Every structure is written in C-alpha cells, then in structure tokens.
C-alpha cells in the first residue's frame, strides 16, 4: 500500500533555531550566533520576502535561506544552504534547491544565484551546484580574502 508521506520541507519556525544553529556549527558555515540577527526579520516583519526553509523528516536536518536581490528584476540570491553532516549525501540539499526553484518559478521569478568560496575546502559545494544544473557565471579573485575567490553560480527559473 502506497501511503502519502508529507513533504519534509517546511518554513523555519522559531523553535527550530537551536537545531539550525547546530547544523550551521557542524558544517562550519559561520558563527552560529549570527543566525539570530539574520533570521529576525523573517519572524518579525510581515513585509519580509525572505525564504527560510528546513528539512524536517527525522528532526531538523537542514536549512536554506534566500532573498530577493536588491535593485534587480526578479533575481534571488541563495545565501545559505546547509545539511547536517550526518545527513549529507541523502538528496536533502538537492530537494531543498528544487523546492526553492519551483516556488520562485511559480511566483514568476527569473533567476536564482548562489555565491560561494573558491577554496579547495568548498570544491564539493561547487560540484553540488553544478549537479543542480547551475552554471558558473563569475569569479572575483581574492574577494573574501587573499587567495579566497568568490564564485557565482546562476540558474534561470523559467523555461
């Protein structure tokens, strides 16, 4: 018997914050205490357009955050996607990406970009974006620090 399983992707709730901080810490994305200020507008500003999602199948396993890019026509920037290391390789990150892309396309948005570091430590991350069919659009040398380039990936959201 094929039972319908609910979609494990849902908007982030305030109660998720401790689990999200553990994911951010475990993936070494940035200092976890920065999350409180980053997400405050999502919870407190009714006019906020940000998208904050989690994957919650066996507990909170991942987080994704994107927002409209200022001064553009329907361009969005994915600023954070992180899957707890114990859950990586299970398709959770790809599912979050597809969910965001489908949601934005349904709303008539044009482009989603992703910016990441060009260091060897993030080679797997860059390969993930390529596997999600993003094109490397630019490289800004020494952007984050000497020897740490900024790599921008691009994907059109509409056919």
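Residue numbers (the numbering used here): 33 to 191. Just so it is clear, CB atoms sit at the ideal spot from N, CA and C, and this is done for glycine as well. All figures in this text were calculated on a predicted structure; none of them were measured in a lab.
Asked	Found
Outcome for residue 163 when other beta-carbon atoms lying within 10 angstroms are tallied against a minimum of 16	exposed
Boundaries of the beta strand (DSSP E) in which residue 59 is found, first to last residue	First-last for residue 59: undefined, no H or E at that position.
Burial state of residue 185, where buried means 16 or more other Cβ atoms lie within 10 Å	buried
At least 3 beta-carbon pairs within less than 8 angstroms: the stretch 76 to 95 vs the stretch 116 to 136	yes
Separation of residue 168 from residue 56, as counted between CA atoms	25 angstroms
Proximity below 8 angstroms, CB of residue 97 to CB of residue 78	no
Own chain partners of residue 180 with C-beta closer than 8 angstroms, once the 5 adjacent residues on each side are dropped	149, 150, 151 and 174
For residue 48 and residue 68, the rounded distance between their alpha carbons	11 angstroms
Residue 99, DSSP secondary structure in three states	strand
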